[in-house]
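> Position 36 (the sequence shown) corresponds to 36 in the UniProt record's numbering; numbering is contiguous. Provided herewith is a single structure, encoded as structure tokens, for subsequent inquiry.
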Amino acid sequence: MAPFNMRCLTCNGYIYKAKKFNSRMETAEGVDYLGLRHYRFYIRCPGCCAEIIWRTDLESNDYVIESGAKRNFEALKTAEELEAKRAAQEEEELANNPMKLLEKRTNQSKYEMETAEAIDDLKEINKRQATMETDNFLLRKLWQEQEAEKAAQEKADEDFIKEVMEAKNKGIPLSEIAEKFDPDDGIQGPTARDGGHNEATSSSETVSKKKLSAQWIPGPSSTNPRDLIRNAIRKRPLPASTTPKAVEESKKVRNSPEPSGGNPLGIAYSSDGSSSE
1 MAPFNMRCLT CNGYIYKAKK FNSRMETAEG VDYLGLRHYR FYIRCPGCCA EIIWRTDLES
61 NDYVIESGAK RNFEALKTAE ELEAKRAAQE EEELANNPMK LLEKRTNQSK YEMETAEAID
121 DLKEINKRQA TMETDNFLLR KLWQEQEAEK AAQEKADEDF IKEVMEAKNK GIPLSEIAEK
181 FDPDDGIQGP TARDGGHNEA TSSSETVSKK KLSAQWIPGP SSTNPRDLIR NAIRKRPLPA
241 STTPKAVEES KKVRNSPEPS GGNPLGIAYS SDGSSSE
């Protein structure tokens with residue numbers, strides 16, 4: 001293979017590096033470097049069949065063209081040679097001039113100090129970022145907990161409304177549904193879906209809860225559908241009897257004008273706070 005790019009001097013054709021040839025090799029006589037042998041190669045130009053010769057150069061770890069072609073200019077090789085010459089000249093100057101050597105050591109010490117300061121700054125920045133990441137993690141966790149509580153509350157509201165609607169469709173008295181939920185926060189009690197009964201509750205406490213649920217205290221109206229349904233269940237007792245007289249009284253109450261002040265379900269209240277239909 002061609003060891004470098006070259007141009008044939010006979011036909012001016014270009015031969016590129018790594019192009020394969022059937023070459024003839026021989027030992028170069030009269031050329032020696034540290035007792036190592038050099039080798040010479042002979043090829044033919046693919047354009048004009050002129051002979052091109054090059055040999056190895058162990059001193060520069062490269063090849064040298066001898067005849068038949070000219071090596072193309074290589075900027076990288078030239079730059080490497082110039083850099084090697086400059087480094088050798090600088091070492092020679094430092095060896096002969098103590099002041100240059102002292103200046104070089106001073107510059108090296110200054111560079112080392114600047115590097116150490118830059119590393120300390122990077123460590124400080126990393127510590128600060130780690131603290132900020134911890135704060136962000138805590139805030140994100142708090143936000144996730146709040147979102148989970150909100151979703152749980154919305155699901156509980158949907159379940160409550162669904163259960164009330166199913167009870168209404170099945171004809172189950174709404175008072176039974178109201179007893180399953182706490183009147184303050186709407187959390188389902190021990191007598192909810194599992195059907196259990198709290199035996200520790202006394203009859204007096206049950207009666208007092210029913211009396212409190214039948215009372216109505218004026219206050220700010222709520223727009224939450226769950227609160228409206230729960231208030232309607234507490235405030236609106238079932239009719240005591242189905243006699244014609246009771247039915248007629250119920251119709252009169254329904255036909256009466258709707259009272260204002262947060263009573264959207266048409267419930268009439270007397271002056272003492274008791275409800276009637």
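Even glycine gets a Cβ: it sits at the ideal position worked out from N, Cα and C.
Assign Ala156 to one of three DSSP states: helix, strand, or coil.
Mapped onto the sequence shown, residue 156 falls at position 156. Reduced to three states, the DSSP call for Ala156 is helix.
> Beta carbon of Ala69, beta carbon of Met6: below 7 Å?
Taking the first residue of the sequence shown as position 1, residue 69 is located at position 69. Taking the first residue of the sequence shown as position 1, residue 6 is located at position 6. Closer than 7 Å, so yes.
> Can the beta-carbon of Phe4 be found less than 7 Å from the beta-carbon of Arg71?
Walking along the sequence shown from the start, residue 4 turns up at place 4. Walking along the sequence shown from the start, residue 71 turns up at place 71. Closer than 7 Å, so yes.
> Kindly indicate which residue of Glu91, Met132 and Glu51 has the alpha-carbon position closest to the one of Ser23.
Translated into the one-based positions of the sequence shown, residue 23 becomes position 23. Nearest option by C-alpha distance: Glu51.
> Specify whether the stretch 10-20 and the stretch 37-47 touch according to this definition: at least 3 beta carbon pairs, one from each stretch, less than 8 Å apart.
Touching, yes, given that three or more Cβ pairs across the two stretches are closer than 8 Å.
> Within 8 Å, do at least three Cβ pairs link the stretch 33-42 to the stretch 78-98?
no
> Quick one: Cα of Val164 to Cα of Glu145, how far?
The sequence position of residue 164 within the sequence shown is 164, counting from 1. The sequence position of residue 145 within the sequence shown is 145, counting from 1. The alpha-carbon atoms of Val164 and Glu145 are separated by roughly 29 Å.
> Could you tell me whether any non-hydrogen atom of the ligand MN is closer than 6 Å to the CB of Pro173?
Because no ligand of any kind appears in the structure shown, any question about the ligand MN cannot be addressed here.
> Take Ser60 as the anchor and find which of Lys141, Glu26 and Glu81 has the nearest alpha-carbon.
As a first step, residue 60 must be located in the sequence shown, where it is residue number 60. If we check each option's Cα against that of Ser60, Glu81 comes out closest.
> Leaving aside the five residues before and after Thr27 along the sequence, list all residues of the same chain whose C-beta is less than 7 Å from its C-beta, in chain order.
Along the sequence shown, one-based indexing puts residue 27 at 27. Excluding sequence neighbours, Thr27 sits near Arg37 and Tyr39.
> Of all the beta strand (DSSP E) runs that stay within the bounds of the stretch 49-109, which reach a length of 3 or more residues?
51-57, 62-67 and 69-71
> May I have the straight-line CA-CA distance separating Ser67 from Ala79, to the nearest angstrom?
Residue numbering aside, residue 67 sits at position 67 when the sequence shown is read from its first letter. Residue numbering aside, residue 79 sits at position 79 when the sequence shown is read from its first letter. Their backbone Cα atoms lie some 25 Å apart in a straight line.
> Should Trp143 go down as buried or exposed, given a rule of 16 or more other Cβ atoms within 10 Å for buried?
As a position in the sequence shown, residue 143 is number 143, starting the count at 1. When all chains shown are included, Trp143 counts as exposed.
> Please classify Ala118: is it buried, with 16 or more other beta-carbons within 10 angstroms of its beta-carbon, or exposed?
Numbered from its first residue, the sequence shown carries residue 118 at position 118. Flag for Ala118 reads exposed.
> Identify the residues that DSSP records as bridge partners of Tyr33: which are they?
Residue numbering aside, residue 33 sits at position 33 when the sequence shown is read from its first letter. Leu36, per the DSSP bridge assignment.
> Less than 7 Å between the C-beta atoms of Phe21 and Ile53, yes or no?
As a first step, residue 21 must be located in the sequence shown, where it is residue number 21. As a first step, residue 53 must be located in the sequence shown, where it is residue number 53. Not closer than 7 Å, so no.
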